[in-house]
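Chains as they are written, first to last, in numbering that gives the first Met the number 0: chain A, 0 to 265; chain B, 0 to 265.
For every residue, glycine included, the Cβ atom is placed at its ideal position computed from N, Cα and C.
This one's a predicted model, so the numbers in the text were calculated from it and none came from an experiment.
Working notes for the structure below.
Protein chains: 2
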Amino acid sequence: MGEDTVRRARTGALADHGADLAAEPSAGTGGHTTKEAAPPRARGRREAGKEERRHRIIQAAREMIRETGRTGLSMRALAERAGVSLATPYNLFGSRGAVVLAVLEDVRDFQARFAQVRNGDPVDHILAVVDLAVEFYLGDPAFYTTLWREVFSVSGEVRTAIYNPRRDEFWLGLVNDIAAAGALREEIDTALLLRQLDHQFRSVMLDWVAGDLSAGLLGPTIKLGYALILCGAASDEARERIAHRVAESQRLLREAGERAAGATPS
Amino acid sequence: MGEDTVRRARTGALADHGADLAAEPSAGTGGHTTKEAAPPRARGRREAGKEERRHRIIQAAREMIRETGRTGLSMRALAERAGVSLATPYNLFGSRGAVVLAVLEDVRDFQARFAQVRNGDPVDHILAVVDLAVEFYLGDPAFYTTLWREVFSVSGEVRTAIYNPRRDEFWLGLVNDIAAAGALREEIDTALLLRQLDHQFRSVMLDWVAGDLSAGLLGPTIKLGYALILCGAASDEARERIAHRVAESQRLLREAGERAAGATPS
DNA sequence: TCGCCACTTATAACGCGTTACAACTTTCTC
DNA sequence: GAGAAAGTTGTAACGCGTTATAAGTGGCGA
Chain A
0 MGEDTVRRAR
10 TGALADHGAD
20 LAAEPSAGTG
30 GHTTKEAAPP
40 RARGRREAGK
50 EERRHRIIQA
60 AREMIRETGR
70 TGLSMRALAE
80 RAGVSLATPY
90 NLFGSRGAVV
100 LAVLEDVRDF
110 QARFAQVRNG
120 DPVDHILAVV
130 DLAVEFYLGD
140 PAFYTTLWRE
150 VFSVSGEVRT
160 AIYNPRRDEF
170 WLGLVNDIAA
180 AGALREEIDT
190 ALLLRQLDHQ
200 FRSVMLDWVA
210 GDLSAGLLGP
220 TIKLGYALIL
230 CGAASDEARE
240 RIAHRVAESQ
250 RLLREAGERA
260 AGATPS
Chain B
0 MGEDTVRRAR
10 TGALADHGAD
20 LAAEPSAGTG
30 GHTTKEAAPP
40 RARGRREAGK
50 EERRHRIIQA
60 AREMIRETGR
70 TGLSMRALAE
80 RAGVSLATPY
90 NLFGSRGAVV
100 LAVLEDVRDF
110 QARFAQVRNG
120 DPVDHILAVV
130 DLAVEFYLGD
140 PAFYTTLWRE
150 VFSVSGEVRT
160 AIYNPRRDEF
170 WLGLVNDIAA
180 AGALREEIDT
190 ALLLRQLDHQ
200 FRSVMLDWVA
210 GDLSAGLLGP
220 TIKLGYALIL
230 CGAASDEARE
240 RIAHRVAESQ
250 RLLREAGERA
260 AGATPS
């Protein structure tokens, strides 16, 4: 039984595909997405050709996802649109899922925007960042719902690539700011706290992506969860302020819900 | 190919392994497999034959999922094992995803167990129920990780079928008990609170299913989230008690994490 | 009992993701 | 420039989920 048919020789390309992702034009941030194991000397015409092909494929995939939704992204159609052979996306990325992930990572330039947000109170700050992230996705909902739907449906490695160390560091910084301001109880572990916040964020996103949550409720729902969790970890001094944000989010959510319910009796 | 379309004589060991899970045959209800709500009059031999075929298919699917994981559940193999034609599962269920959902609904008998749990403090009560639910899944992890992985990867209607009104009612009762005991602030909307708890639960399950969270951390992680959120909604009188549960869950989580990290440096 | 009809069956087909492999073309090395 | 190395291309194939269709079968009403 030729069980060696797995033969992940090609998958090697999947490991080093991160190199070209960050090199996307719009990004500008130039962050390294994953491990950069590729030999740094190999800057020849051959490598450039590969990179250009990779870029064409990502570009074509992005366009096709935006135009037709997930169902439109067949590997044969993708290859044709990108002007490459059917085998080439597999050579360069390894699988369809890897291509989708590459598209997602290609457009992640939150960090630049996040840097703009400045706020006195660290709790207000993290909630403002949440708003910003939500705005980002709502800026192109057709694209991102499709993309995230794909992402959720693929194996775990894909999600771990999204929730990467760089991202963790950024958000952990925000939580640590809150702790440093004395707004959290002494015994609270900020890393564990962040994971709870992440769970909240991700699960609400899943609702949105699945169509169970309207765009208007996305931000308020996430912020209510954040406020509740933070309030649960708050010190005595900071609690009242955060509790106020809980009540505020709840009010927003109820109003938006009633408005939506009145508009679409779905 | 079809040389020996054996009818497989439905191995009498049918109820053996599944006994602990699905022992409850949902007798009186008449198996509401889908939203069909089978007309109560149509109890002919023809309908009985259909139901028996349905049962054979679900049973075969359950066995195959347990034995081989998701990859083993191909429609052709399923049809062969169930002793039906390839077209029959499509006639009876409609799609592969619908079969998987039917398997999931077939084994959901939490409620009976939940009724056993009695506890003085309503907060302790809901956390005990969480423990029970986690235990339920951990009782057959190979089966439930596969099943939930499938569920997460299918369209939204599947999840809404899981989070159904009956389930909501049950959990909302638990949350309302907490409110009735005066442990929550006046302004807290229990329905919204429940949704935040659900998000927590579901997202942690997703982690477990994806292999990002070990079995030992599943319960503590969920309970930490629950405790944090409840603490964030707690009234002044109840807060200290709940904050204590936060600290306790956090300690458990840290210890379990360190133990796991020491054992498997993965 | 007979004929209708609902349903299953067998089978072929479609497009899909993925893999394999023999050419062919381009780049690198000497 | 010659030859080696690398990579793409075209194409065939596999198993998959799903659909369509003709032929068969057995329950049910008359």
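In chain A, which residues lie less than 9 Å from D188(B) when you measure between Cβ atoms? Q249, L252 and R253
According to DSSP, L183(A) sits in a beta bridge with which residue or residues? A233(A)
Three-state secondary structure assigned by DSSP to V245(B): helix
Near Y143(B), which residues of its chain fall below 7 Å by C-beta distance, leaving aside the five closest residues on each side in sequence? Y136
Identify the contact partners of Q58(B) in chain A, using a Cβ-Cβ distance below 8 Å as the criterion. The contacting residues do not exist; Q58(B) stays about 27 Å from chain A at best.
For Q58(A), collect the residues of the same chain with a Cβ closer than 8 Å to its Cβ; drop the 5 residues on either side in sequence, then sort them by chain order. A81
Just tell me which of R166(B), F151(B) and P121(B) has its CA closest to the CA of A132(B). R166(B)
How long is the line joining the alpha carbons of L251(A) and R69(B), rounded to whole angstroms? Taking the straight line joining both Cα atoms gives about 42 Å.
Which chain A residues sit within Cβ distance under 8 Å of L223(B)? By Cβ distance, chain A contributes L191 and Q195.
Distance, D188(A) Cα to G224(B) Cα: 13 Å
With a CB to CB cut of under 6 Å and the five nearest residues on each side skipped, what residues in its chain are close to G71(B)? M63
Out of curiosity, what's the CA-to-CA distance linking F151(B) and A246(A)? Rounded to the nearest whole angstrom, the C-alpha separation of F151(B) and A246(A) is 32 Å.
From which residue to which residue does the alpha helix (DSSP H) around T70(A) run? No alpha helix (DSSP H) contains T70(A), which DSSP labels as neither H nor E.
Reduced DSSP secondary structure (H/G/I, E/B, other) of N163(A): coil
Could you please tell me which residues of the region 226-243 of chain B, in chain order, have their CB closer than 9 Å to any CB of chain A? Listed in sequence order: A226, L227, I228, L229, C230, G231, A232, A233, R238, I241 and A242.
Taking only beta-carbon atoms, is V268(A) less than 8 Å away from chain B? Residue 268(A) lies beyond the range of chain A shown here (0 to 265); nothing can be said about it.
Chain-ordered chain A contacts of H54(B) [CB-CB under 9 Å]: Ordered by position in chain A, no residue passes the 9 Å Cβ test against H54(B), which lies about 29 Å from the chain.
Spatial distance of R52(B) from R238(A) (CA atoms): 59 Å
Burial state of L85(B) (16 or more Cβ within 10 Å): exposed
So, helix, strand or coil for V106(B), using DSSP? Per DSSP, reduced to three states, the secondary structure at V106(B) is coil, with no helix or strand assignment.
F92(A) in three-state terms, based on DSSP: coil
Helix, strand or coil for L205(B)? Go by DSSP, reduced to three states. helix
Ends of the alpha helix (DSSP H) at L77(A)? Per DSSP, L77(A) belongs to the alpha helix (DSSP H) from M74 to A81.
Three-way DSSP call (helix, strand, coil) for N175(B) in this model: The DSSP-derived three-state label of N175(B) is helix.
To the nearest whole angstrom, what separates the beta carbons of S202(B) and R201(A), a pair I think is in contact under 8 Å? 5 Å
Just tell me which of L191(B), L217(B) and R61(B) has its CA closest to the CA of A101(B). By alpha-carbon distance to A101(B), the top candidate from L191(B), L217(B) and R61(B) is R61(B).
Cβ of R201(B) less than 8 Å from any chain A Cβ? yes
Using a Cβ-Cβ cut-off of 8 Å, state whether H198(B) counts as contacting chain A. For H198(B), at least one C-beta of chain A is nearer than 8 Å to its own C-beta.
Does the pairing of the region 203-212 of chain A with the region 171-183 of chain A give three or more beta-carbon distances under 8 Å? no
When the distance is taken between beta carbons, is L146(B) closer than 8 Å to K222(B)? no
Cβ of F169(B) less than 8 Å from any chain A Cβ? By this cut-off, F169(B) is not an interface position.
Suppose the cutoff is 6 Å on Cβ atoms and the five residues either side in sequence are ignored; what does the same chain contact list for R244(A) look like? A226
So, for P219(B): in the same chain, excluding its five sequence neighbours on each side, which residues have a beta-carbon less than 7 Å away from its beta-carbon? Shown here for P219(B): same chain residues with a beta carbon closer than 7 Å to its own, the five before and five after excluded, namely S248, L251, L252 and A255 in chain order.
Y162(B) burial status per 10 Å Cβ neighbour count (16 or more: buried): Label assigned to Y162(B): exposed.
Ends of the alpha helix (DSSP H) at D123(A)? P121 to L137
Out of A233(A), D139(A) and E46(A), state which residue places its alpha-carbon closest to the alpha-carbon of D176(A). A233(A)
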